[in-house]
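**Student:**
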């Protein structure tokens, strides 16, 4: 026995697999956890893909949509909202499943739909987006040629509705606090983008990215994604951020922990929350391009990403890469 | 019925047989990996439950990458638990480990828990990949299985593992 093994050893756990399986069955039943759909022809990618996509979209209006529809909470701080800083907000699976969807509070109408499209080269990406598109000066080995996508500026209007809130709550057999009269019928005007996303595929994909097992779990995933975009701006026709926060954080299904985290944001009108699903990812503060950014690591340790804001633009770099590789790419953008 | 279809599972009918088979096959190993990290049987089983729920939500049971995914997730989830325990303070960490510290008398149990707590604190301070390498290796995985789980080259595992072990010894000595 090596010294390390000696140090890490202890009484071996006595495992009762059938009892553990029964416990899992009960949890799946009680929490109504659905398995992934069957019959798909391509392998389901790792969970890393979920937040990789999220990070890539972070610099675009898609982030707004994600925040609004997935967390159901970010709207609490989006009134007259022009982010100048980012903050990681840990969310749990329970938060995601328990929080009401944004659609439960009213109607979202796109005035300019998010319609991303491919462009042939960097010059077109820069022209269409109206931004100087930064490119990495340092790419890890094995990264292929870039592909570019542009998300034009997008706008939407959200109208709060007390009737819709009551109906959504009744369908879930819940009783929400009454919507204040000044919120009912009020509007939020959301603007996002433009944004540019650069995808780098695996340049020389081996028979399996994991080497030993053959089929790659990352089939179809870019190796690296670099995104930049104008952050979302939200304007209100009267309701203040405090009024919205007070009302929405009192909704059933919102955990006290999450509500406390949202309330703890010092300047909600200028802070963009980055939801970090704690059962899938971890996050920490890092310095990127001389400013503070948020590093996010997937809980499987196979992917990572970093997001930061500088000179009015939100940047994101993510990939199936190590922390050092992702930060090296991020710091090499020029 | 629409609700049932949307959920993808029928209440009372249980989980897909392929998933249950995967669970039976991999659960002991997932617990073993987590236990190497958290050194507490109950916590290791909680980690394993979360790992399987996570997999169940997002991946088909017959995925070719199921076993390496579960092992990697066990290591990283357990390390997250360990770090959050460390953040809560030394007293909590020792108390958590006392449950599993089997010793004939309370004083010896306390000493064992204290030693294990220091070892775990050192593990928590290691870089993520090094800690995961140690958890997987001493959780019983072969080099090939570690390479698959962490997405590393098989040829680099020996070197990375030795570096991780050296770093661990240095942390322990601090």
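Chains as they are written, first to last, in the numbering used here: chain A, 145 to 478; chain L, -5 to 168.
Where is the CB? At the ideal position from N, CA and C, for every residue including glycine.
Since the structure is predicted, the reported quantities are computational estimates derived from the model, not experimental observations.
1. Answer yes or no: does any C-beta atom of chain L fall closer than 8 Å to that of residue 203 (chain A)?
2. Could you list which residues in chain L have their beta carbon closer than 8 Å to that of residue 441 (chain A), in chain order?
3. Where do the N-terminal and C-terminal ends of the beta strand (DSSP E) with residue 295 (chain A) fall, by residue?
4. Could you tell me how far apart the beta carbons of residue 449 (chain A) and residue 440 (chain A) are, in whole angstroms, since I believe they sit closer than 8 Å?
5. State the start and end residues of the unbroken alpha helix (DSSP H) segment that holds residue 124 (chain L).
6. What is the rounded straight-line gap between the Cα of residue 272 (chain A) and the Cα of residue 38 (chain L)?
7. With three or more beta-carbon pairs closer than 8 Å as the criterion, would you say the stretch 464 to 478 of chain A touches the stretch 425 to 441 of chain A?
8. Helix, strand or coil for residue 169 (chain L)? Go by DSSP, reduced to three states.
9. Compute the distance between the beta-carbons of residue 380 (chain A) and residue 330 (chain A), then report whether it is under 8 Å.
10. Tell me the DSSP bridge mates of residue 429 (chain A)?
11. Which residues of chain A have a Cβ atom closer than 8 Å to the Cβ of residue 166 (chain L), listed in chain order?
12. Please classify residue 383 (chain A): does DSSP put it in a helix, a strand, or coil?
13. Going by beta-carbon coordinates alone, are residue 41 (chain L) and residue 32 (chain L) separated by less than 8 Å?
14. Looking at the secondary structure, which residues open and close the alpha helix (DSSP H) in which residue 161 (chain A) lies?
15. Does DSSP classify residue 454 (chain A) as helix, strand or coil?
16. Under 9 Å between beta-carbons, which chain A residues line up against residue 115 (chain L)? List them in chain order, please.
17. With a cut-off of 8 Å, does the C-beta of residue 159 (chain L) fall near any C-beta of chain A?
18. From this set, A:375, A:310 and A:309, which residue's C-alpha is nearest residue 340 (chain A)'s C-alpha?
19. For the stretch 255 to 265 of chain A against the stretch 277 to 285 of chain A, are there 3 or more C-beta pairs whose distance is under 8 Å?
20. Comparing the C-beta of residue 157 (chain A) with each C-beta of chain L, is any distance below 8 Å?
21. Given a limit of 8 Å on CB to CB distance, which residues of the stretch 23 to 46 of chain L reach chain A?
22. Distance check for residue 148 (chain A) and residue 219 (chain A), CA to CA, integer angstroms please.
23. Just to confirm my understanding: we take residue 161 (chain L), look at its own chain, exclude 5 residues before and 5 after, and list those with CB closer than 7 Å. What are they?
24. Would you kindly check if the distance between the Cβ of residue 126 (chain L) and the Cβ of residue 73 (chain L) is under 8 Å?
25. With a Cβ-Cβ cutoff of 8 Å, do residue 17 (chain L) and residue 179 (chain A) count as a contact?
26. Give me, in chain order, the residues of the same chain whose beta-carbon lies closer than 6 Å to that of residue 185 (chain A); leave out the 5 immediate sequence neighbours on both sides.
27. Using the C-alpha atoms, what's the distance from residue 461 (chain A) back to residue 367 (chain A)?
28. Using alpha carbons as the reference points, say which of L:36, L:49 and L:111 lies closest to residue 165 (chain L).
29. Just the Cα atoms here: how many angstroms apart are residue 132 (chain A) and residue 24 (chain L)?
30. From which residue to which residue does the alpha helix (DSSP H) around residue 147 (chain A) run?
31. Let me check one thing: in DSSP terms, what residues is residue 31 (chain L) bridge-paired to?
32. Mind pulling the chain L residues with CB within less than 7 Å of residue 298 (chain A)?
33. Which two residues bound the contiguous alpha helix (DSSP H) that contains residue 370 (chain A)?
34. How should residue 153 (chain L) be labelled, buried or exposed, when 16 other C-beta atoms within 10 angstroms of its C-beta is the threshold for buried?
35. Taking the alpha-carbon of residue 437 (chain A) as reference, which of A:426, A:290, A:454 and A:447 has the nearest alpha-carbon?
36. Tell me the start and end of each unbroken alpha helix (DSSP H) in the stretch 306 to 353 of chain A that is at least 4 residues and wholly inside, in chain order.
**Tutor:** Concretely, from the data shown:
1. Your numbering for residue 203 (chain A) matches position 59 in the first chain. A caution first: residue 203 (chain A) carries a pLDDT of 32, below 50, which makes its placement in the model unreliable, though a value can still be read off. Output row for residue 203 (chain A): interface = no.
2. Residue mapping note: residue 441 (chain A) aligns to position 297 of the first chain, counting from 1. Per Cβ cutoff of 8 Å: 122.
3. Here residue 295 (chain A) corresponds to residue number 151 of the first chain, with the count starting at 1. Per DSSP, residue 295 (chain A) belongs to the beta strand (DSSP E) from 287 to 295.
4. Here residue 449 (chain A) refers to the residue found at position 305 when the first chain is read from its first residue. Here residue 440 (chain A) refers to the residue found at position 296 when the first chain is read from its first residue. About 5 Å separates the two Cβ atoms, so the contact holds.
5. Residue mapping note: residue 124 (chain L) aligns to position 130 of the second chain, counting from 1. It spans 122 to 132 - the alpha helix (DSSP H) in which residue 124 (chain L) sits, taken as one unbroken run.
6. Reading the first chain from its first residue, position 128 is the one you call residue 272 (chain A). Reading the second chain from its first residue, position 44 is the one you call residue 38 (chain L). Taking the straight line from one Cα to the other gives about 52 Å.
7. yes
8. In the structure as shown, chain L starts at -5 and stops at 168, and residue 169 (chain L) therefore has no counterpart that could be examined.
9. As a first step, residue 380 (chain A) is located in the first chain; it is residue number 236 there, counting from the start. As a first step, residue 330 (chain A) is located in the first chain; it is residue number 186 there, counting from the start. Yes, these two residues count as a Cβ contact at 8 Å.
10. For this step, residue 429 (chain A) is matched to residue 285 along the first chain. Answer is A:438.
11. Residue mapping note: residue 166 (chain L) aligns to position 172 of the second chain, counting from 1. Within 8 Å Cβ-Cβ: 151.
12. On the first chain, residue 383 (chain A) is found 239 positions in, with the first residue counted as 1. Of the three classes helix, strand and coil, the one that applies to residue 383 (chain A) here is coil, per DSSP.
13. Here the question's residue 41 (chain L) lines up with position 47 in the second chain. Here the question's residue 32 (chain L) lines up with position 38 in the second chain. For residue 41 (chain L) and residue 32 (chain L), yes; Cβs fall inside 8 Å.
14. Here residue 161 (chain A) refers to the residue found at position 17 when the first chain is read from its first residue. That run of the alpha helix (DSSP H) goes 161 to 174.
15. Locating residue 454 (chain A) in the first chain gives position 310, where the first residue counts as 1. Residue state, collapsed to three classes: strand.
16. Numbered from its first residue, the second chain carries residue 115 (chain L) at position 121. Per Cβ cutoff of 9 Å: no residues; residue 115 (chain L) is ~12 Å from chain A at best.
17. Reading the second chain from its first residue, position 165 is the one you call residue 159 (chain L). At least one chain A Cβ lies under 8 Å of residue 159 (chain L).
18. Working through the first chain from its first residue, we reach residue 340 (chain A) at position 196. Comparing Cα positions, the closest option is A:375.
19. no
20. The residue you call residue 157 (chain A) lines up with position 13 of the first chain. Cβ-Cβ to chain L under 8 Å: yes for residue 157 (chain A).
21. 25, 26, 29, 30, 33, 35, 38, 39, 42, 43, 44 and 46
22. Translated into positions along the first chain, residue 219 (chain A) becomes position 75. Translated into positions along the first chain, residue 148 (chain A) becomes position 4. In this predicted model, residue 219 (chain A) has a pLDDT of only 37, less than 50, meaning its place in the structure is not dependable; the value taken from the coordinates is given anyway. In a straight line, the C-alpha of residue 219 (chain A) is about 49 Å away from that of residue 148 (chain A).
23. In the second chain, the residue the question calls residue 161 (chain L) occupies position 167. Closer than 7 Å at the Cβ level, and outside the excluded window around residue 161 (chain L), lie 120 and 124.
24. If you number the second chain from 1, residue 73 (chain L) lands on position 79. If you number the second chain from 1, residue 126 (chain L) lands on position 132. Closer than 8 Å, so yes.
25. As a working mapping, residue 17 (chain L) is identified with position 23 in the second chain. As a working mapping, residue 179 (chain A) is identified with position 35 in the first chain. No, Cβ-Cβ distance for residue 17 (chain L) and residue 179 (chain A) is not below 8 Å.
26. Residue numbering aside, residue 185 (chain A) sits at position 41 when the first chain is read from its first letter. At residue 185 (chain A), the pLDDT of 33 sits below 50, so the modelled position is not reliable; the number obtained from the coordinates is stated separately. Result list for residue 185 (chain A): empty, nothing under 6 Å.
27. One-based indexing of the first chain puts residue 367 (chain A) at position 223. One-based indexing of the first chain puts residue 461 (chain A) at position 317. Rounded to the nearest angstrom, the two C-alpha atoms are 11 Å apart.
28. Taking the second chain and counting its residues from 1, the one referred to as residue 165 (chain L) is at position 171. Nearest C-alpha to residue 165 (chain L): L:111.
29. Outside the shown range of chain A (145 to 478) lies residue 132 (chain A), about which nothing can therefore be said.
30. As a working note, residue 147 (chain A) is residue 3 in the first chain. 147 to 152 is the extent of the alpha helix (DSSP H) around residue 147 (chain A).
31. Against the second chain, residue 31 (chain L) aligns to sequence position 37. Partner(s): none; residue 31 (chain L) has no beta bridge.
32. Residue mapping note: residue 298 (chain A) aligns to position 154 of the first chain, counting from 1. By Cβ distance, chain L contributes nothing, its closest Cβ being about 28 Å from residue 298 (chain A), past 7 Å.
33. Residue 370 (chain A) sits at position 226 when you count from the first residue of the first chain. That residue, residue 370 (chain A), is in no alpha helix (DSSP H); its beta strand (DSSP E) goes 368 to 373.
34. By one-based count along the second chain, residue 153 (chain L) stands at place 159. Looking at its Cβ environment, which holds fewer than 16 other Cβ atoms inside 10 Å, residue 153 (chain L) is exposed.
35. Along the first chain, read from residue 1 onward, the residue named residue 437 (chain A) stands at position 293. Checking every option, the nearest Cα to that of residue 437 (chain A) belongs to A:454.
36. 306 to 315
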